[in-house]
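Count the sequence shown with this note's numbering and you get residues 3 to 597, in order.
This report concerns only the one structure given below.
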Amino acid sequence: MSKEARPSWDSPMQFVLACVSYAVGLGNVWRFPYLCQMHGGGGFLIPYLLMLILEGIPLFCMELAIGQKMRLGSIGAWMAISPYLGGLGIASVVTSMYLCLYYNVINAWSFWYLFHSFQSVLPWAECPVDVNRTGYLEECEVASSTQYFFYRETLNISSSIDENGGLHMGQALCLLLAWIIVYLFIVRGVKSTGVVVYFTATFPYVVLFIYLIRGVTLHGAWNGVKYMFTPKLEQLANPQTWINAATQIFFSLGLGFGSLIAFSSYNHHNNDFEKQAVVVSLINSGTSVFASVVTFSIYGFKATFNYESCLERMRMLCLNSFDLSEESISVENVTAWISHLNITHPESFAAIASKIEHCSLEAELDTAVEGTGLAFIVYSEAIKNMPLSQLWSVLYFIMLLLLGMGSMLGNVTAIITPLADIKLLSHYLSSESINGLVCLLCLLLGLGFTSRSGNYWFTIFNEYAATLSLLFIVFIEVISVCYVYGLRRFERDIEDMLGHRPNWYWKVMWAVVSPLLLFSLFIFYIINYIQGGTPTYQAWDKDLGRSVVKEYPVYGQVFIALLLLSALSCVPLAALHSLCRRTQRGTQIRQHRHA
3 MSKEARPSWD SPMQFVLACV SYAVGLGNVW RFPYLCQMHG GGGFLIPYLL
53 MLILEGIPLF CMELAIGQKM RLGSIGAWMA ISPYLGGLGI ASVVTSMYLC
103 LYYNVINAWS FWYLFHSFQS VLPWAECPVD VNRTGYLEEC EVASSTQYFF
153 YRETLNISSS IDENGGLHMG QALCLLLAWI IVYLFIVRGV KSTGVVVYFT
203 ATFPYVVLFI YLIRGVTLHG AWNGVKYMFT PKLEQLANPQ TWINAATQIF
253 FSLGLGFGSL IAFSSYNHHN NDFEKQAVVV SLINSGTSVF ASVVTFSIYG
303 FKATFNYESC LERMRMLCLN SFDLSEESIS VENVTAWISH LNITHPESFA
353 AIASKIEHCS LEAELDTAVE GTGLAFIVYS EAIKNMPLSQ LWSVLYFIML
403 LLLGMGSMLG NVTAIITPLA DIKLLSHYLS SESINGLVCL LCLLLGLGFT
453 SRSGNYWFTI FNEYAATLSL LFIVFIEVIS VCYVYGLRRF ERDIEDMLGH
503 RPNWYWKVMW AVVSPLLLFS LFIFYIINYI QGGTPTYQAW DKDLGRSVVK
553 EYPVYGQVFI ALLLLSALSC VPLAALHSLC RRTQRGTQIR QHRHA
């Protein structure tokens, strides 16, 4: 595909919406609130916003500039910078492929929950009856109905990674549906993607706003909001707080996957990517804070509901165990009554002491949950206790789907754009067919995640497929731009596109600050992996009705190592291949001259 014939976005707004749709994803809804909860509530915003300035915005701008200047996907763009850097683009494509394989599984789960939301009683609102129809399933009663539905109905999970079992056909069909929709979204490249992003980038905000109104009006919601914005400044002395802030900015903006380079390669030559980088980065971070207010209002409602339910159980225990009137004990004074009864009726109290629970609102709010646990268990538990729960469930899972699909557009574009650029299959197949083959391949490989042990493999990909490789990729990117391609040459390219050279902020960040931060994070993760010992995972124990920690088997550990090395090795191997070809050509030229 020549640069002249390359398709373009219909307008700068379309490009901005594509970037917003890609960057604003599930991590804004379930990862950022978790980090706020873990690292000091509102105090976490200090390192988060600082890392946005020092790392997020400069690197985001750099990738947009590369794509717009070269008008190529990741592989072609880096080979244009240096023939030895083609492996950098390949590493981005490999990492994006890994992400596509498991990320669309989350969309399949969202479809599953969405379809089950159209029932008169939400299926996760109560436990199923046992075989004898004399009561509820014991596993569900121990685990809770929401956990049971996620682990046993949605995943049909096995008790370990060694027990594979067959495919969950319901989940496999949902995954098929998810990939069909992704294909329809990207079938004509930017022409179809550009239309879709108007919806995927905006409608989640409509749902979030509706949920905000509903959330803050729920009983106990302000307990959660207050918890979020109450800063625990002592957390600023914790190095892990700063490391998590840096990695959250890094992954939230989608750096290193090649998606931003691919998107910006369809821009016009003089598009103002500099302002767009700042705008999209601020929208992304603002969405994280906005979504956290919504999440913590829901979380506050759930925590208050659980706390008051605990107090009510204690109240009924006291009423049933002692000769007291219904009016004598209320939910508000039950704790005082328990202390009083312990003193006045020590023998009777001793008989029920084992049944006494410690009810604490603070403990409920302190219970940190991230990822799928927050999205599919905590939210589901809160939704089931809301009036018109089906309506709120439908809205919530439509929002998750749109966030997930919006990110998938960028992930798949990062794969198909380099393939189109290098014309690997375009001599034999149309672009629509190539896009379909990519989606079909990802679907077939992703079906493994719908098996009974699929969630354990999902966890491996989620934890190991991208983290280390992306830090390495972006570190090599910024070093290559500043010290291989040359910062002054890069400045001239920007001046050619924008009419002015980048100011001191961009140059200092690219040349010094961002590389140091990335190198520090990369070293931290390597040390963390080494010191972490044998990798472990959370396995569902149906007898206990909860997750237990197990070590990965040897083949699981080998697979993790291969996953980590597969993308990292692309860079040196491709450079070595280029060196060998160049050496071979040089030898042939010398031989020809002598001949």
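We treat Cβ as the ideally placed atom computed from N, Cα and C, and that holds for glycine.
Query: Simplified DSSP assignment, three categories, for residue 5; Result: A caution first: residue 5 carries a pLDDT of 44, below 50, which makes its placement in the model unreliable, though a value can still be read off. Note: residue 5 maps to coil in three-state DSSP.
Query: Collapsed DSSP secondary structure at residue 523 in the structure displayed; Result: helix
Query: Contact under 9 Å by Cβ, residue 272 with residue 564; Result: no
Query: Buried or exposed (CB count within 10 angstroms, at least 16 for buried), residue 365; Result: exposed
Query: Through-space distance from residue 251 to residue 519, alpha-carbon basis; Result: 12 Å
Query: Residue nearest to residue 545 in terms of C-alpha spacing, selected from 143, 534, 88; Result: 143
Query: Bridge-paired residues (DSSP) for residue 539; Result: 552
Query: Sheet register partners of residue 138 (DSSP bridge); Result: 131
Query: Same chain, Cβ closer than 7 Å to residue 542, five either side skipped, listed in chain order; Result: 153, 159, 161, 549
Query: Cβ pair residue 383, residue 304 closer than 9 Å; Result: yes
Query: For residue 585 and residue 376, the rounded distance between their alpha carbons; Result: 54 Å
Query: Proximity to residue 539 [Cα-Cα], best of 77, 99, 452, 465; Result: 465
Query: Stretch-stretch touch, CB-based, cutoff 8 Å, three pairs: the stretch 401 to 412 with the stretch 23 to 35; Result: yes
Query: Straight-line Cα distance separating residue 262 from residue 613; Result: The displayed coordinates of the chain run from 3 to 597. Any statement about residue 613 would go beyond what the structure contains.
Query: Local conformation of residue 76 per DSSP, three classes; Result: helix
Query: Assigned exposure category for residue 506 - 16 Cβ within 10 Å defines buried; Result: exposed
Query: Per-residue DSSP class, three states only, for residue 13; Result: coil
Query: Beta carbon of residue 108 nearer than 9 Å to that of residue 469; Result: no
Query: Start-end ranges of the beta strand (DSSP E) lying completely within the stretch 31 to 104, minimum 3 residues; Result: none
Query: Opposing strand residues paired with residue 23 [DSSP bridges]; Result: DSSP lists no partner for residue 23.
Query: Which of helix, strand or coil DSSP assigns to residue 220; Result: coil
Query: Supposed contact pair residue 483 and residue 512 - C-beta distance, whole angstroms, cut 8 Å; Result: 7 Å
Query: 6 Å CB neighbourhood of residue 553 in its chain, flanking five on each side removed; Result: 536, 538
Query: Residue 592 - DSSP class collapsed to helix/strand/coil; Result: helix
Query: Short Cβ contact (9 Å threshold) for residue 112 with residue 126; Result: no
Query: Reduced DSSP category for residue 453 - H, G, I as helix; E, B as strand; rest coil; Result: strand
Query: The alpha helix (DSSP H) enclosing residue 392, as first and last residue numbers; Result: 391 to 423
Query: Segment contact, 8 Å Cβ cut-off, at least three pairs: the stretch 228 to 240 with the stretch 34 to 54; Result: yes
Query: Length of the line joining the Cα atoms of residue 463 and residue 253; Result: 15 Å
Query: Backbone CA spacing between residue 569 and residue 92 [nearest angstrom]; Result: 8 Å
Query: Cβ contact (3+ pairs, closer than 8 Å) linking the stretch 485 to 493 and the stretch 176 to 186; Result: no
Query: Run of the alpha helix (DSSP H) containing residue 241, from where it starts to where it stops; Result: 241 to 254
Query: Per-residue burial, residue 368 [other beta carbons within 10 Å of its own, 16 or more giving buried]; Result: exposed
Query: Residue 86 versus residue 479: straight-line alpha-carbon distance, rounded; Result: 12 Å
Query: Residue range of the alpha helix (DSSP H) that includes residue 261; Result: 261 to 266
Query: Reference residue 78, options 529, 177, 424, 521, closest by Cα; Result: 424
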